[in-house]
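Here the structure is laid out as structure tokens; the discussion comes afterwards.
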Amino acid sequence: MRRRMSMTVAAAMAAMTFVLAGCASSYQAPTAPLAPGETAAAAEADEGRENLTPITVGVLPIVDVAPLYLGVEKGIFEDHGIDLTIDVAANGGDIINNVLSRRWQFGFSNVLSIVSAGTSTGNIKVVAAGNYSSGDPAKDFGAIVVPATSSIQDVGDLAGKKVAVNAKQGLLEATVRRVVDAGGGNSGTLSFEPMGFGAMPDALTAGTVDAAFIVEPLLSVAKAQGARELPNSSFGTVDPNLMIAAYFASNDLTVTDPEIVEQFADAMNESLGMASRDPEAARAVLDSYTKIDAEVKAAMTLPKWSPVISKDSAVLLSGLAGTYFQMKINPDLSFPS
């Protein structure tokens with residue numbers, strides 16, 4: 051049995067920057083206690099008779115992957131014949147590299163990173179949806195905030211300002227540029243400061259940045275400290291039905307082991323459906339792999355989850371990357387037709 055992963059909010063958000071380095075940790079659902087008179091050998095024999103397929107998925111310890119942990123907790127993966135290990139990575143690059151090397155069968159990453167890596171390697175295939183914007187642009191799980199005393203009132207006022215994002219030329223920078231241009235501003239005048247989400251609230255307070263695109267749970271933390279969310283600045287402003295992230299495998303795996311891919315996709319889709327129907331269960335499972343303050347956890351906006359894979363989102367984000375970063379990305383290489 052591998053140890054359960056638990057991180058503070060700040061550490062979890064630091065992992066989301068995609069720029070850290072380090073080792074991965076692992077999570078598996080706790081094993082049930084032995085029944086009276088049952089020996090460990092007998093229990094292991096019972097488990098062996100289940101003939102579960104060992105599968106490993108690499109993730110970051112963030113709110114977005116709550117349905118995965120919910121599925122493990124509810125036995126969905128075992129029901130689909132899977133003995134699932136969740137490896138918690140230090141950054142998104144590690145996830146992609148470990149999937150491509152076949153160390154892990156599956157991984158989780160944002161859509162723009164997936165299609166970018168899929169274009170450059172020709173060896174990445176999306177197998178299940180991850181998470182979506184909340185569906186309400188005015189109340190999403192990621193948006194631009196400014197200090198309480200800032201003169202900035204809307205996205206058009208960001209011209210010439212410095213904005214904190216988790217990484218340059220990534221999903222968040224593309225999102226900021228899109229909403230600023232759509233709001234009548236000029237994204238070409240912006241400068242971007244890469245930093246971990248955990249550092250963003252203090253950077254706003256200290257005035258080292260003028261604004262920051264922050265995701266939950268730190269979005270709620272920043273607001274509690276007085277930050278103001280700018281209207282029309284969220285993921286949902288780009289598209290209320292924007293798929294933010296997805297689960298993927300190497301294209302090689304889909305060819306050599308299609309049964310494993312189908313097993314995982316079916317289990318993941320059932321887990322996503324459960325989280326969609328019961329988002330409070332997904333909120334509660336956060337306690338199993340993060341340490342988020344109870345008040346923050348209760349107040350924060352959750353992503354929307356759905357088993358539907360949105361290729362339209364991949365096409366949209368690929369277009370933004372082409373427009374703003376001059377990237378040539380072909381989403382057809384990574385997304386099912």
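To get our numbering, take the position in the sequence shown, counting from 1, and add 50. Note that the Cβ used here is the ideal one computed from N, Cα and C, for glycine as well.
Between the stretch 238 to 245 and the stretch 269 to 285, are three or more C-beta pairs nearer than 8 Å?
No, the stretch 238 to 245 does not touch the stretch 269 to 285.
Would you decide whether Val265 is buried or exposed? Buried here means 16 or more other CB atoms lie within 10 Å of its CB.
buried
Between the alpha carbons of Phe127 and Asp316, how many angstroms are there, rounded?
9 Å
DSSP three-state call for Ala349: helix, strand or coil?
helix
Sort Ala325, Gln155, Ile174 by Cα distance to Pro117 and report the nearest one.
Ala325
Taking the alpha carbon of Ala193 as the point to measure from, which residue in Pro290, Asn141, Asn173, Thr255 has its own alpha carbon closest?
Pro290
Contact the stretch 334 to 350 vs the stretch 192 to 208: 3+ CB pairs below 8 Å
As far as the Cβ criterion goes, the stretch 334 to 350 does not touch the stretch 192 to 208, which means the pair count is below three.
Bounding residues of the alpha helix (DSSP H) (the contiguous stretch that carries Thr169):
161 to 171
Contact the stretch 363 to 376 vs the stretch 158 to 173: 3+ CB pairs below 8 Å
yes
Count the other C-beta atoms from every protein chain shown that fall within 10 angstroms of the C-beta of Thr306, then say buried if there are 16 or more, exposed otherwise.
With fewer than 16 other Cβ atoms within 10 Å, it is exposed.
Roughly how many angstroms separate the alpha carbons of Tyr374 and Val226, rounded to a whole number?
11 Å
When the Cα atoms are used, what is the spatial distance from Thr169 to Thr199?
43 Å
DSSP-derived helix/strand/coil call for Phe158:
strand
Looking only at C-alpha atoms, which of Tyr119, Thr103, Asn101, Phe285 sits nearest to Asp337?
Tyr119
Under the three-state DSSP convention, the category Glu266 falls into:
coil
I need the straight-line Cα distance from Arg278 to Ala331, nearest angstrom please.
29 Å
In whole angstroms, give me the CA-to-CA distance for Ile146 and Ala296.
12 Å
Determine the direct distance from the alpha carbon of Glu123 to that of Asn101, and round the result to whole angstroms.
Asn101 and Glu123: Cα-Cα distance of roughly 19 Å.
Check for me: the beta strand (DSSP E) holding Val177 runs from which residue to which?
Start and end: 174 to 182.
Which class does Lys361 belong to by DSSP, given the choice of helix, strand or coil?
helix
According to DSSP, is Tyr374 part of a helix, a strand, or is it coil?
helix
When the Cα of Ala253 is compared with those of Val230, Glu223, Lys212, Asp144, which residue comes out closest?
For Ala253, the nearest C-alpha among the options comes from Lys212.
Do the stretch 352 to 361 and the stretch 176 to 183 make contact, defined as three or more Cβ pairs closer than 8 Å?
yes
Do you know offhand how far Ser321's Cα is from Ala299's?
So the alpha carbons of these two residues sit roughly 18 Å apart.
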